[in-house]
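Residue 640, in the numbering used here, is where the sequence shown stops; the numbers in between run on with no holes. Ideal placement from N, C-alpha and C gives every residue a C-beta, glycine not left out. All of these numbers come straight from a predicted model, not from anything done at the bench.
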Amino acid sequence: MKQAVIGILAHVDAGKTTLAEAMLYDAGSIRALGRVDRGDSHLDTDAMERDRGITIFSSQAELVHDGARLMLVDAPGHVDFSAEAERTLAALDYALLVVGANDGVQGHTETLWRLLARRGVPTFVFVNKTDLLPEGGSPKERAQVLRQLRARLSDGCVEAAELSGEAAAMTDEAALDEYLEMGSLTAETRRRLVASRRAHPVFFGSALKNDGVEELLDGLVGSIEERAWPAEFAARVYRVSHGERGERIAWLKVTGGVLRAKQVVSGVRGGEPWEEKVDQVRVATGARLEPASEVCAGRLCAVTGLSRVYPGDGLGAEPDACRPTLAPVLTYRVLTGEQDVHAVLSALRELAGEDPMLGVTWSERLQEIHLQLMGAVQLEVVRDLLLRRHGLAVDFGSAGILYKETVSAPSMGIGHFEPLRHYAEAHLLVEPGPRGSGVIFGTRCSEDELDRNWQRLILTNAMERDHLGVLIGAPLTDVRITLCAGRAHAKHTEGGDFRQATYRAVRQALMRARSRGECVLLEPWYAFELEVPESKLGRAMADMTRMGGRFEAPGVAGTGALLAGTVPASELGDYALELAGYEPCHDAERVIEGAAYDPEADLPNTPDSVFCSHGAGYTVKWNEVPEHAHVEDDPALLRPWRPADAAFFGA
């Protein structure tokens, strides 16, 4: 049977979940149409989703139409849960982007489109709520919406009924030749244009009135390609949740071979390979999950028994997914009140296992829990989850901006740990990386100088924690950390010794960079688009200038003006805009002074080293470590840079 996993994505209130209900109903997978406003939709099953009338967690269901199996993934539409929506992209063969006819293309619609384009996901468009247009979705109104789709999303947006015609043929040279010769396009060519993202079929209708849904199903089935999957087992985790009995559930897309209940699967976490046994396997039957003995490649399933997987992880022959594009920029202090702080921390870390973007950190220096979130709605959901699942009533402090730190020039760090009967020394080079690259690890150390097993241990230690900068103690980003040299002792070195040496080496490199003025404070910037009347354009430009923003020359948007650019997130607060990335902070001196951070007093992140003399260990301050180091940094001994990837750890 021809099959495909199709994700349904949209900006909030576009009618995405209502459309999924109508598709399941028309295909006979459910007997009655649920309603979001009544709280009885089949895909919004969580109590919080029904209370709020929005999708918070991605859900899945299956339908069979015209001999093809379509596996639907309903992703959240609210911007606060866009990271959850992005994670579902790893499971998709195709996407169905829903646009409200009355709202048109929104800023979040364009964000979703760029995410789909970046991952090469073939995309259909359903223009919903055409019944709300003044003329009820007349040909003139449809043509106007189509022009906006082409202007804001892609020239390849083609009305589905015209997919055999000239508009689709113009998207591809070979297709144009075929059209000129035959007067139309073959079904095979149409499927190729969709799969290659050259053409994006656009359907119109009203999901609430079940108008245009049958045509949508026909179009989807006719446009998807049959796919051959590898024989070797592979799968990708796109979601983690917890069941009613507290069991951990991993949601997978099987991308190769067969997954069976009780099967042992493998992966890599922090450079260390692991194996675990799958307990139960469940697959969607209509809108229900039913037990299954096995799942073939190309299908979705939910499994229990895997305690070490996180969204984005690859299993078997499947590599890990690429780093997420969307990330939180707000940080909140957790006010535990009378609750046990360790119980709250444990519960939040469980939630972070479901949502890796939910950054949970414990500040030993401040004795506080800090939480990174996308916005105020997600904050309320976390509060509800803690209360409903764990019985913990907590509050949160006011939102602050999540700053980050980097370096502007390379800095070599030395970490030495040598209390009595212990020994380790590591030399790590911290270099600036491209904006948005995160933290990348690798080695140039010769195995003649330091055995590969020790190198693996050092890099594993370096990768297992988030490193903090030394300006305000913010997370380190956009750097490459390279192991250049090190030394172990045949008798006294233990695994934990290199952990201490590694942490101190990174920290010492940052302190040396700070002493030279080469540490940089970064702040998040938003990309914005403002559509305003011509009379308000001057005010909008003045506002953005006052906020420290940058913008291009104004353009035209309908009867008004369009102003586009970037602006510091700290000036906009909780606005639901697309994150443009991190840039040097526009008021770094004020932020650093206000933080009053003393990196040398942050003992869990000390840059100092420990040496041994006369049978006793003693501390050497970070700026004196190079004079005491046992290993010399010799460029002639360095080897070509090698990433700390699965091949390095598995070779």
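Cross-strand partners of residue i (DSSP beta bridge)
i: residue 641; result: The chain is shown from -10 up to 640; residue 641 falls before or after that span and cannot be answered.
i: residue 112; result: 84
i: residue 390; result: 319
i: residue 611; result: In the DSSP output, where bridge partners are listed per residue, residue 611 has none listed.
i: residue 212; result: Residue 212 pairs with nothing; no bridge assigned.
i: residue 60; result: -6, 51
i: residue 218; result: Looking at the DSSP assignment, residue 218 forms no beta bridge with any residue, so it has no partner.
i: residue 553; result: 518
Length of the line joining the Cα atoms of residue i and residue j
i: residue 0; j: residue 386; result: 29 Å
i: residue 239; j: residue 451; result: 27 Å
i: residue 231; j: residue 408; result: 44 Å
i: residue 564; j: residue 612; result: For residue 564, the pLDDT reaches just 45, beneath the cut-off of 50, and the residue's location in the model is therefore unreliable, although a value from the coordinates is still provided. Approximately 43 Å between the Cα atoms of the pair.
i: residue 143; j: residue 191; result: 11 Å
i: residue 180; j: residue 213; result: 6 Å
i: residue 593; j: residue 488; result: 13 Å
i: residue 484; j: residue 420; result: 26 Å
i: residue 604; j: residue 448; result: 29 Å
i: residue 52; j: residue 178; result: 26 Å
i: residue 541; j: residue 103; result: 20 Å
i: residue 161; j: residue 187; result: 7 Å
i: residue 298; j: residue 311; result: 15 Å
i: residue 98; j: residue 364; result: 18 Å
i: residue 73; j: residue 524; result: 39 Å
i: residue 295; j: residue 533; result: 48 Å
i: residue 32; j: residue 22; result: 11 Å
i: residue 513; j: residue 519; result: 19 Å
i: residue 538; j: residue 606; result: 52 Å
i: residue 257; j: residue 264; result: 9 Å
i: residue 207; j: residue 151; result: 14 Å
i: residue 491; j: residue 355; result: 24 Å
i: residue 453; j: residue 83; result: 34 Å
i: residue 319; j: residue 366; result: 12 Å
i: residue 133; j: residue 92; result: 13 Å
i: residue 202; j: residue 89; result: 15 Å
i: residue 472; j: residue 315; result: 29 Å
i: residue 173; j: residue 210; result: 20 Å
i: residue 422; j: residue 245; result: 35 Å
i: residue 86; j: residue -3; result: 6 Å
i: residue 628; j: residue 479; result: 24 Å
i: residue 30; j: residue 11; result: 10 Å
Candidates the options: closest to residue i by CA position
i: residue 466; options: 529, 430, 286; result: 430
i: residue 505; options: 477, 215, 396; result: 396
i: residue 416; options: 389, 354, 444; result: 444
i: residue 602; options: 595, 317, 617, 140; result: 617
i: residue 309; options: 608, 223, 186, 329; result: 223
i: residue 477; options: 507, 412, 432; result: 412
i: residue 290; options: 269, -8, 353; result: 269
i: residue 242; options: 307, 539, 458, 202; result: 307
i: residue 175; options: 185, 184, 164; result: 164
i: residue 508; options: 498, 515, 516, 517; result: 498
i: residue 106; options: 189, 118, 172; result: 189
i: residue 249; options: 217, 210, 293; result: 293
i: residue 503; options: 370, 27, 400, 136; result: 400
i: residue 546; options: 127, 358, 521, 16; result: 521
i: residue 391; options: 595, 204, 515; result: 515
Range of the contiguous alpha helix (DSSP H) that encloses residue i
i: residue 159; result: That residue, residue 159, is in no alpha helix (DSSP H); it is neither H nor E in DSSP.
i: residue 71; result: 71 to 77
i: residue 379; result: 365 to 379
i: residue 421; result: Run containing residue 421: none in the alpha helix (DSSP H); it sits in the beta strand (DSSP E), 413 to 421.
i: residue 45; result: Neither: residue 45 is in no alpha helix (DSSP H) and is coded neither H nor E.
i: residue 447; result: 441 to 452
i: residue 231; result: Looking at the DSSP string, residue 231 is not in any alpha helix (DSSP H); the run it does join, the beta strand (DSSP E), is 223 to 231.
i: residue 635; result: 635 to 639
i: residue 7; result: 5 to 15
i: residue 641; result: The displayed coordinates of the chain run from -10 to 640. Any statement about residue 641 would go beyond what the structure contains.
N-terminal and C-terminal residue of the beta strand (DSSP E) that residue i is part of
i: residue 358; result: 357 to 362
i: residue 350; result: 348 to 352
i: residue 242; result: 237 to 245
i: residue 148; result: 146 to 148
i: residue 279; result: 277 to 280
i: residue 401; result: 400 to 406
Residue i CB to nearest heavy atom of the ligand HEM below 8 Å
i: residue 308; result: Among the components of this structure there are no ligands whatsoever, and the ligand HEM is therefore not found.
Whole runs of the beta strand (DSSP E) within the segment 458 to 503, excluding any shorter than 3 residues: Qualifying beta strand (DSSP E) stretches, in chain order: 468 to 476.
Would you list, in sequence order, the uninterrupted beta strand (DSSP E) runs of no fewer than 3 residues that lie entirely inside the segment 567 to 605? Taking only runs of at least 3 residues, the beta strand (DSSP E) segments lying wholly in the segment 567 to 605 are 567 to 573, 598 to 602.
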